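Asks:
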Amino acid sequence: MSASQVAQGRLVTPFYSRQRELDTLNRWHEWKGYTVADAFYCAELEYFAIRNATAVFDLTPMTKYRIRGVDATAYLDRLMTRDMYGLAVGRVAYAVWCNDAGQVLDDGTVFRLGEHDYRLCSQERHFDWLCASAAGFDVEVVHETAEIAALAVQGPTSFSTLERMGLGDVRSLKPFDLMSVDYAGTPIVVSRTGFTGDLGYEVWLPPILAEAFWDDLFTAGAPVGIRAIGGDALELARIEAGYLVAGVDFLPADEIVRPGRGRSPLELGLEWLVDFGKPHFNGRRALAEEWRTGPRRRFVRLDVDGNKPARDAYIYARPGGGKQVGFVTSAAWSPVCKRSIALGTVDARYGKPGDTLWVEIYYNQEMRWRRKMARASVVEGPFWDPPRRRTTPPVPY
Amino acid sequence: MTERFDVVIVGGGHNGLVAAAELAKAGKAVVVLEAKSQIGGACTTREFADGFNVSAAAHLVYQLQPHVEKRLSPKPRYAARALDTVVLGGDGQRVRYGSTSIAGVDDADRGAYARYAKRMRRFSRVLWRWLNRVPPRLLSGRGTDTRQLLRMALELRLLGKSEMREFLRLIGGNIYDHVDEQFSNELLKGGLCLDAVLGTHAGPRSPNTIVAALHRLGGAGGTYALPAGGMGSVAAGLMMTARAEGADIRTDSPVRSIRVDNGRVVGVETADGARIDSYVVLSSVDPKQTVRSLVGERHFETGFLRRIGHLRAAGNAAKLHLALDGLPDSEGPGHEELGQRLLIAPGPDAVERAFNPAKYGRCSEAPVMEILIPSIHDETAAPAGQHVLSAVAQYAPYELEGGWDDESKRQFFETCLDTLEVYLPGIRARILEGELLTPVDLANEFRMSGGHWHHGELALDQFLFTRPVPGAAQYRAPLDGLYFCGAGSHPGGGVSGAPGYNAARALLNREADR
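Each protein sequence line maps, in turn, to chains U and V. Quick note on my numbering: the first sequence kicks off at -14 and runs consecutively. Quick note on my numbering: the second sequence kicks off at 632 and runs consecutively.
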């Protein structure tokens, strides 16, 4: 771990100088020790850059670990619930990892950079767990958050932006592909990944190149509407994409005090990430037992009637209320879907796709709290999933 | 051709042998694989000098459980039974106590000792009822576990309200305060303190030393017996019993690894490369070595590995063996007294002070000791007219500052001899040969992590439902087919046979459940 992580208080990312110039609101927040923007000029307009143009989000504070060694694949296969042997070099996989009780510690993305070389990106810090898991494996785990500057370049014109930059063969990148490209004589990594549910890329580069890259990127993207965006716009986009956030939609199992507050992958709708064909991985025994008896809870994506975001709402099975069967963890009015959408957790016997549930929404109307019981349909899959997310090569603008 | 057994037991220590006998009796095809050429593990006799035999690790029988001993055939022969404990003073003073008797103290202490001994025996009986069963699983939601917990609570409650309170008040406490509340005689207090901390990494002021004292009283209720032919004869008896039940017991068969395939145990591989197939492997090797060296960490889950890593198992007791050409001078204790269990523990503070340097990786400058001269009772121990002294000397930390080498070993050996000379004047002149086994030697010779004779500190956080660690406290490791059956599992070390017996029961019960 780099020594500079703690000593200097809140850190700035290598892109800070450029973001500072663009900023008009002076609204910043802390993300894993770094100063990052809520928004630069208007969260709603920034959001539309994601859906209509090119949005640039600074994800340097995302926790990044490098995992190297001849046992790296075996190590990750034991760590993660999904099969890691199937991940080819040059590919990226979404994965979750659990404690012994089968409760999710975090989710993240695994980048296979080489035969024995991986990068793991996650919301939370897990250095201790990753090191404890390394016993008996010939691997080296390095915390490299500060050593890698990262930008998400997302939106329908993101491909054109990168191609205008002349950034290698971006055209041939399929979703969850990664490649090493040359930038200013230095190899950097571009992956077709993101947290917006849209066409998009992520760029991983040494911090020393950060400012020059930002400048080139914004020059290339100017004709196709490039915009810097803050965390508020991304939050809206990720709810539309139906993605989970640790600490919001579930709590990392190692931060929980009360029993039963953790979530298994089966309770988060991530059973497709659990490979019971593997003889052994962290949490397997507990998850196999849960699979046998059935999970206690279910993750739901809700299409809510009306236009009031169902933030923190209780979920009921009946319009009259009665027994509370769950609660909403993330909610928003989706501009692109033109619907009120929500993510939540319900008791396992409720909330099958197509079911109707009821959410209790409180909203403040000029100093008066109003309560509304809104119908909510359980939908399958993401709220927003345009074909351009998958089309290869992407359509140029 | 690979052989196949129903059960492979790794390690032929007394617990492995007890488990083998139980499982063979239940009709299982059992093989015990012992690395050394002699069976018994730390329950063994060996010649350390020409004609001088000594119990190389454990040297007294006091915890052997009646239900284990009852099955033994032939029964163990004892050279002496019901040895008293004699606490030696430097000035010729002595306190002598047995399980009920006491001498050398004033009337107040005499009365207090009767009450103390009675209460400790009573508490120990309750504790050992729990220790002789497979511990229940907490929060399992299973009826059998709940019933067992209720039964434990009931057994505690049957002590009576005030005694139950006293039990709960004392169970986590330290022996120093407990004996200091009741006695005035320094030697008596010192002796009782040493009884509670023998073989542990604890001083009398450390928490959990009362539970260790109660643990020690299990079985014989605080009486000590000296087996004829040393502890090796107990192991030989266990081996004959297991063989008579049909178990295959092999020496010189070190196991290189416990084999895992497709997420479950499938057998073992011996050091010569031979494979033995079995879907059940009981390991009497300590949990750390079983997990790390025999199976391999990658076959376990991270949380379990962390708990195994945190298992405290740093030995702090050295073993001293002396060949003597005669008994020490008559100025010291007389012949009859020398035949008892002798303690050097001049007072509770002296025991605590002996522990102090060990906290920081240094040896005691004034060690405390438990001493036996078995040759007084057992003529097989030494040539005629000559004697053997066997002592547990504390404290000698496993992780010595600067590490153990010939020089640090010689220094502690000399320190021990200097101490002995104070309490047994003239003994130095009698020494023909001597050896000191440091915790590192014990770790190497008896293959126990940290040289800890309990395979893991005996303390409430590593006790009952949490021994060796949560997730493996019912003898079943979190790996299909692997069981722990050694001192590292419930109810801990000492030559009791209880872990081996309970582990066999756990396995048989589980199969009966299916």
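Every residue gets a Cβ at the ideal spot worked out from N, C-alpha and C, and that includes glycine. Owing to the predicted nature of the structure, the values given are computational and were not obtained by experimental measurement.
Alpha carbon to alpha carbon, how far is L72(U) from A78(U)?
Replies: If you take the alpha carbons of L72(U) and A78(U), they lie about 7 Å apart.
Asks: With 16 as the cutoff for other CB atoms within 10 Å, does M870(V) come out buried or exposed?
Replies: M870(V) is buried by the Cβ-count criterion.
Asks: Taking Cβ to Cβ, would you say D808(V) is nearer than 9 Å to R836(V)?
Replies: Closer than 9 Å, so yes.
Asks: Note down, in chain order, every chain V residue with its Cβ under 7 Å from the Cβ of H265(U).
Replies: Near H265(U) (Cβ distances below 7 Å), the residues of chain V are G894 and H930.
Asks: Give a yes or no on whether the C-beta atoms belonging to G268(U) and D56(U) are separated by under 9 Å.
Replies: Not a contact, by the Cβ cut-off of 9 Å.
Asks: Quick one: measure Cβ to Cβ for T278(U) and V209(U), integer angstroms, because I've assumed they're closer than 8 Å.
Replies: T278(U) to V209(U), Cβ: 52 Å. No contact.
Asks: Are the beta-carbon atoms of L194(U) and T171(U) separated by less than 9 Å?
Replies: Yes.
Asks: Check Q779(V) in the structure and name its three-state DSSP category.
Replies: The answer is helix: DSSP assigns Q779(V) an H, G or I state.
Asks: Quick one: list the residues of chain V neighbouring W114(U), beta-carbon separation under 7 Å, in chain order.
Replies: T933, listed in chain order.
Asks: Express the C-alpha separation of I1004(V) and T872(V) in angstroms, rounding to a whole number.
Replies: Cα to Cα, the separation comes out at about 29 Å.
Asks: Quick check on P979(V) - is its C-beta less than 9 Å from some C-beta in chain U?
Replies: Judged by the 9 Å Cβ criterion, P979(V) is not in contact with chain U.
Asks: Closer than 7 Å, Cβ to Cβ, to anything on chain V: give me those residues from the stretch 91 to 110 of chain U, in chain order.
Replies: Within the stretch 91 to 110 of chain U, no residue qualifies.
Asks: Report the option in G227(U), V242(U), R246(U) and E225(U) whose CA atom is closest to the CA atom of F235(U).
Replies: Comparing Cα-Cα distances from F235(U) to each of G227(U), V242(U), R246(U) and E225(U), the minimum goes to R246(U).
Asks: Quick one: measure Cβ to Cβ for G830(V) and H1085(V), integer angstroms, because I've assumed they're closer than 8 Å.
Replies: Right, their Cβ atoms sit about 6 Å apart.
Asks: Are the Cβ atoms of R3(U) and A213(U) separated by less than 9 Å?
Replies: Yes, the pair counts as a contact, with Cβ atoms nearer than the cut-off.
Asks: Does the distance from the C-beta atom of E876(V) to that of V886(V) stay below 9 Å?
Replies: Cβ distance not < 9 Å, so E876(V) and V886(V) don't count as in contact.
Asks: Taking 9 Å as the CB-CB limit, is L64(U) close to chain V?
Replies: Yes - at least one Cβ of chain V is within 9 Å of the one on L64(U).
Asks: Counting contacts by CB-CB distance shorter than 9 Å, is P1109(V) in contact with chain U?
Replies: Yes, P1109(V) lies at the interface with chain U (some Cβ there is under 9 Å from its Cβ).
Asks: Could you please give me the residues that DSSP links to L(-4)(U) through a beta bridge?
Replies: DSSP output for L(-4)(U) lists Y19(U) as bridge partner(s).
Asks: I'd like to confirm something about A24(U): is its beta-carbon nearer than 8 Å to some heavy atom of the ligand ZN, or not?
Replies: In the structure shown, the ligand ZN is absent, as is every other ligand, since no ligand is present at all.
Asks: Check Y186(U) in the structure and name its three-state DSSP category.
Replies: In this structure, Y186(U) counts as strand in the three-state DSSP scheme.
Asks: What are the complete beta strand (DSSP E) segments, minimum 3 residues, inside the stretch 666 to 735 of chain V?
Replies: DSSP runs (the beta strand (DSSP E)) wholly in the stretch 666 to 735 of chain V: 676 to 680, 683 to 686, 709 to 714, 716 to 719 and 725 to 728.
Asks: Helix, strand or coil for H809(V), going by three-state DSSP, please let me know.
Replies: Helix, per DSSP.
Asks: Could one say the Cβ of R937(V) lies closer than 9 Å to chain U's Cβ atoms, at least one of them?
Replies: It does: the Cβ of R937(V) has a partner Cβ on chain U nearer than 9 Å.
Asks: According to DSSP, is I241(U) helix, strand or coil?
Replies: Coil, per DSSP.
Asks: Based on DSSP bridge pairs, tell me the residues matched to T330(U).
Replies: DSSP lists F284(U) and F312(U) as partners of T330(U).
Asks: Does any residue of chain V have a CB that is nearer than 9 Å to the CB of A80(U)?
Replies: Not an interface residue.
Asks: What residues match up with A135(U) in a beta bridge as DSSP calls it?
Replies: Paired residue(s): W189(U).
Asks: Give every residue of the same chain whose Cβ lies closer than 7 Å to the Cβ of A989(V), excluding the five residues on either side of it in the sequence, and list them in chain order.
Replies: Cβ neighbours of A989(V) beyond the five flanking positions: N947, S995, Y1026 and P1028.
Asks: Assign K159(U) to buried or exposed, taking buried as 16 or more other Cβ atoms, counted over all protein chains shown, within 10 Å of its Cβ.
Replies: K159(U) is exposed by the Cβ-count criterion.
Asks: List the whole-angstrom C-beta distance separating K919(V) from S1120(V), where the pair is believed to meet the contact cut-off of C-beta under 8 Å.
Replies: Not really, about 12 Å apart at Cβ, beyond 8 Å.
Asks: Can you list, in chain order, the residues of the stretch 903 to 932 of chain V whose Cβ is nearer than 7 Å to any Cβ on chain U?
Replies: Listed by position along the chain: G927, E928, R929, H930 and E932.
Asks: Since Y382(U) and T142(U) are thought to touch, with beta carbons under 8 Å apart, how far apart are those beta carbons, to the nearest angstrom?
Replies: Going by Cβ atoms, the distance from Y382(U) to T142(U) rounds to 5 Å, so yes, they are a contact pair.
Asks: Taking only beta-carbon atoms, is Y60(U) less than 9 Å away from chain V?
Replies: True, the Cβ-Cβ gap to chain V drops below 9 Å.
Asks: Less than 9 Å between CB atoms is the rule here; does G1102(V) satisfy it with respect to chain U?
Replies: It does; some Cβ of chain U falls within 9 Å.
Asks: Would you please verify whether the beta carbon of G940(V) is less than 9 Å from any beta carbon of chain U?
Replies: G940(V) counts as touching chain U.
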